[in-house]
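A short worksheet on the structure shown next.
In my numbering, the protein residues as written are 242 to 867.
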């Protein structure tokens, strides 16, 4: 019988292995392997491993530090690593954190740890060190341990082999151990790896079935990148077929060699964020590679929920730039400008009249940015009183004020961590809150009301105003320094009255969306729509379109019933008799519209009309839209 050996660090891990062997006894015995479990004798680790090979061991499963040493010393059999995850580290750190003021974290290069997942209250206790390697010597690691100041409230946390290497020590040393599920997964893989050498295609299919239930993605490939196995989890993670033949079909830049091509490599395949690691080994004089893929997206989401006690309800952006409909040339330039802004993490100020689509643009910018998988938090600063706005933005701790929740409350800035916060109508914000907002922008930290500690933030701020902020600054109503902070990038949205080509286009679009059929507008209705003063902008236009969809056949030819205050909503006359000045922009649009309609009625083609008016055919097409 073939042998598989566990080389682990201590008695607790030995007990974990025995528990797995007892729990899954029937399943494991189906493979007819002998499984040995030995505790590492660190000074004699290599000799210990060679003895196992001479005994007939075909695969050695060991901890991350020992794996670094043995892969350099033994190339006759596969050496599989028991990787520990960020979740394993957080579990170990949280268990001891209440007992110590300082925790020194020493991790080797094989260890996968996402530092950003560590909550602030834990991170502030941890002293992080550069990763070390044991493939040459352990003396560097030992020297690091010796240099740590010895105090009663200090502990050391590291990989499973660290307590042996640093023994004896004047400080407590805790190890981060892989989970039982990881041990089982690696054991199952080791068994199937051996079966792969001995069994036919039927047995290979059996391996695929088992590995499909492993939580990690696993890809086994050989010289030239030929894939011999890709489990279902890996296929789902990467969005590829389980029958993919070559690793270069997934990673075109893969380079063959005797060193890992992937080492804690972050791969983003929405909705997954993956950490990829690969290893190289020889089997029957042939080169083979094994890659593991671990999903950290779920862990990050869980950590965020624990930290802030949030739900995702109302914290998402549903709109994209494709949702912004326009045929206006200037508006298209605004969209292009916004798309460029989305690539950068600088604050953005969006200015425009009410109803011009400021939040639509804010959501689109968020979804086009690297923060698209994070929360999108929006708040109307004008909708809340000053006191309520302050508590909503910054949060509060228990007992901060009368009526406060017993458990406290996370503020919107905290909720927007790793995402975007949208502050609408920021011009209405009280000066007292303006000063606190300025500090948040400068320090990238927030402090809850009633609290004495700060919370670090990673957010993007998009602000919007429906008034002239410069005028507010000059009037002393808005802080000058805050204005320049939020106005790093500026986006001005034109009102609908300045986009005459969009009036009929959007109206038709709204009606067709409601009716699910082609819409044909009468010349009288077109004239009324073009001449109307759209003081409510797109929001008003949508309401008018809805009324037309509902009451269209019953309306009189004046269409006054479509508008809220018909007599007051008409655009300024072409000639202002009081000042004897011409509204040239409106005059030009109106004359063009009249000429196009008359030429169309006389049978002129779009090409002929465009030539006569010296404009593009697209312009004529837009103005002739039904």
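Glycine residues also receive a C-beta, built at the ideal position from the N, C-alpha and C atoms.
Just so it is clear, the structure is predicted and the values come from calculations on it, not from any experiment.
Alpha carbon to alpha carbon, how far is residue j from residue i? Give it in angstroms, no decimals.
i, j, result
"residue 321", "residue 365", "34 Å"
"residue 553", "residue 616", "Because residue 553 sits at a pLDDT of 45, beneath the cut-off of 50, its placement in the model cannot be relied upon, and the following sentence gives the value as read from the coordinates. Those two C-alpha atoms are separated by around 7 Å."
"residue 506", "residue 517", "5 Å"
"residue 797", "residue 789", "11 Å"
"residue 266", "residue 258", "12 Å"
"residue 482", "residue 474", "11 Å"
"residue 815", "residue 686", "Reliability fails at residue 815, whose pLDDT of 46 lies under 50, so the model's placement of it is uncertain and the value that follows must be treated cautiously. If I take the Cα positions, the gap works out to 54 Å."
"residue 203", "residue 592", "Absent from the model: residue 203. The displayed extent of the chain is 242 to 867, so no value can be given."
"residue 332", "residue 252", "19 Å"
"residue 614", "residue 656", "13 Å"
"residue 672", "residue 308", "60 Å"
"residue 683", "residue 674", "14 Å"
"residue 577", "residue 678", "29 Å"
"residue 352", "residue 329", "11 Å"
"residue 260", "residue 406", "26 Å"
"residue 513", "residue 355", "15 Å"
"residue 746", "residue 558", "25 Å"
"residue 547", "residue 635", "Legend: pLDDT at residue 547 = 45, less than 50; position of this residue unreliable, no value from coordinates given."
"residue 348", "residue 713", "54 Å"
Could you name the residues of the same chain whose beta carbon sits closer than 7 Å to that of residue i, not counting the 5 residues immediately before and after it, in chain order?
i, result
"residue 622", "630, 664, 665, 666, 667, 669 and 670"
"residue 422", "456"
"residue 496", "502"
"residue 569", "740, 742 and 743"
"residue 427", "302, 321 and 323"
"residue 583", "606, 609 and 610"
"residue 300", "245, 318, 319, 321, 431, 434 and 435"
"residue 556", "616, 617, 618 and 656"
Any idea if residue i is buried or exposed, counting beta-carbon neighbours within 10 angstroms, 16 or more meaning buried?
i, result
"residue 430", "buried"
"residue 767", "buried"
"residue 458", "buried"
"residue 391", "exposed"
"residue 250", "buried"
"residue 371", "exposed"
"residue 345", "buried"
"residue 536", "buried"
"residue 585", "exposed"
"residue 819", "Bear in mind that the predicted position of residue 819 carries a pLDDT of just 43, short of 50, making it unreliable; the figure below should be weighed with that in mind. The residue is exposed, with fewer than 16 neighbouring Cβ atoms inside 10 Å."
"residue 393", "exposed"
So which of the options has the shortest CA-CA distance to residue i?
i, options, result
"residue 306", "296, 418 and 412", "418"
"residue 574", "281, 462, 705 and 734", "734"
"residue 561", "599, 572, 589 and 607", "607"
"residue 302", "292, 844, 288 and 276", "276"
"residue 761", "786, 380 and 772", "786"
"residue 842", "763, 805, 799 and 605", "763"
"residue 434", "402, 469, 406 and 724", "469"
"residue 343", "396, 311, 635 and 472", "396"
"residue 662", "264, 605 and 716", "605"
"residue 652", "619, 683, 673 and 624", "619"
"residue 707", "567, 590, 781 and 754", "590"
"residue 368", "256, 527, 399 and 380", "399"
Indicate the three-state DSSP secondary structure (helix, strand or coil) for residue i in the structure shown.
i, result
"residue 744", "helix"
"residue 465", "helix"
"residue 244", "strand"
"residue 771", "helix"
"residue 513", "strand"
"residue 373", "strand"
"residue 754", "helix"
"residue 218", "The requested residue 218 is not part of the displayed model; the chain covers only 242 to 867."
"residue 608", "helix"
"residue 593", "coil"
"residue 566", "coil"
"residue 613", "coil"
"residue 416", "strand"
"residue 319", "coil"
"residue 846", "coil"
"residue 379", "coil"
Leaving aside the five residues before and after residue i along the sequence, list all residues of the same chain whose C-beta is less than 6 Å from its C-beta, in chain order.
i, result
"residue 200", "Since the first residue of the chain shown is 242 and the last is 867, residue 200 is not available in this structure."
"residue 522", "319 and 529"
"residue 603", "663 and 703"
"residue 293", "246"
"residue 731", "590"
"residue 243", "274, 299 and 435"
May I ask whether a heavy atom of the ligand COA can be found less than 7 Å away from the beta carbon of residue i?
i, result
"residue 838", "Among the components of this structure there are no ligands whatsoever, and the ligand COA is therefore not found."
Only counting the same chain, and skipping five residues up and downstream in sequence, which positions put a Cβ closer than 8 Å to that of residue i?
i, result
"residue 736", "593, 594, 597, 775 and 778"
Output yes if chain D places a C-beta closer than 8 Å to the C-beta of residue i; else output no.
i, result
"residue 366", "Structure shown: chain D not included; a single protein chain is present."
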